[in-house]
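Going line by line, the protein sequences match chains V and G.
Counted the way my numbering counts, the first sequence spans residues 11 to 120.
Counted the way my numbering counts, the second sequence spans residues 11 to 120.
Protein chains: 2
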Amino acid sequence: ETMEVTLKTEVEAGASGFSVKGGGNEGIFIKKVLKESPASKIFSLREGDQLLSATIFFDNIKYEDALKILQYSEPYRVQFSLKRKIAVQEDLEHSTARHKKERIGQVDVL
Amino acid sequence: ETMEVTLKTEVEAGASGFSVKGGGNEGIFIKKVLKESPASKIFSLREGDQLLSATIFFDNIKYEDALKILQYSEPYRVQFSLKRKIAVQEDLEHSTARHKKERIGQVDVL
Numbered sequence: 011e012t013m014e015v016t017l018k019t020e021v022e023a024g025a026s027g028f029s030v031k032g033g034g035n036e037g038i039f040i041k042k043v044l045k046e047s048p049a050s051k052i053f054s055l056r057e058g059d060q061l062l063s064a065t066i067f068f069d070n071i072k073y074e075d076a077l078k079i080l081q082y083s084e085p086y087r088v089q090f091s092l093k094r095k096i097a098v099q100e101d102l103e104h105s106t107a108r109h110k111k112e113r114i115g116q117v118d119v120l
Numbered sequence: 011e012t013m014e015v016t017l018k019t020e021v022e023a024g025a026s027g028f029s030v031k032g033g034g035n036e037g038i039f040i041k042k043v044l045k046e047s048p049a050s051k052i053f054s055l056r057e058g059d060q061l062l063s064a065t066i067f068f069d070n071i072k073y074e075d076a077l078k079i080l081q082y083s084e085p086y087r088v089q090f091s092l093k094r095k096i097a098v099q100e101d102l103e104h105s106t107a108r109h110k111k112e113r114i115g116q117v118d119v120l
């Protein structure tokens, strides 16, 4: 008797040492994981796991590689995480300098 | 005066109509967004946005496209979302049939 779990791997670099199979309606599955590889030791992938999604972090990525990833993923469902500079509204002028300073920085608007 | 926000786009298919620039230490930035394109209308991307990460969902993806995405992202930081079948432990045999049934299904182990 089995049960299904969904899980997320740690965010790590260098997911090498595995192959996939499937595609289309069937889904993408881990076909083979090389022993002692990062896929096995760091990501703990196992043969038979279904890959539901992959999040690729763009820090220190080569332009060409980012471009290819974006091009190949274009037809599919994607979600981007963005950093955006936005203008601080005029009405903040009436607040104190100290208050203004606190408003600057990173804010999550999920 | 500006502030920075981080935000996530909706999960949608077909992120077309934009170009990127940058790479390496600098980061990847949205260079141009075509008006009336999905990138503009559906994803609300704006020129100057920094792409921190992209999550690609593998439902209904072609094998070849999934393979390319995994190959190009291999050197970089990634996170996978997986579905895995696991064996239900023997000690569950002592529980009631109804209880067993409740254990079967999707469980998040984030």
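C-beta: ideal position from N, C-alpha, C; glycine also.
If you're wondering where the values come from, they're calculated on a predicted model, not measured in any experiment.
For L44/G, there is no enclosing beta strand (DSSP E), as DSSP marks it with neither H nor E.
The Cβ atoms of G32/G and Y73/V sit closer than 8 Å to each other. Taking 8 Å as the CB threshold, K45/G stays off the interface with chain V. The beta-carbon separation of S29/V and K42/V, rounded to 5 Å, stays under the 8 Å limit for a contact. For the 8 Å CB-CB criterion, E22/V and I71/V do not form a contact. Less than 8 Å separates the beta-carbon of Y86/G from that of I66/V.
Within 10 angstroms of the beta-carbon of I79/V lie 16 or more other beta-carbons, which makes it buried.
Here S83/V carries a helix assignment [DSSP, helix/strand/coil]. Scanning chain V for C-beta atoms nearer than 9 Å to the C-beta of E57/G yields nothing, as the closest lies near 10 Å away. Annotation: Cβ neighbours of I66/V in chain G (cutoff 7 Å, chain order): S63, A64, S83, Y86 and V88.
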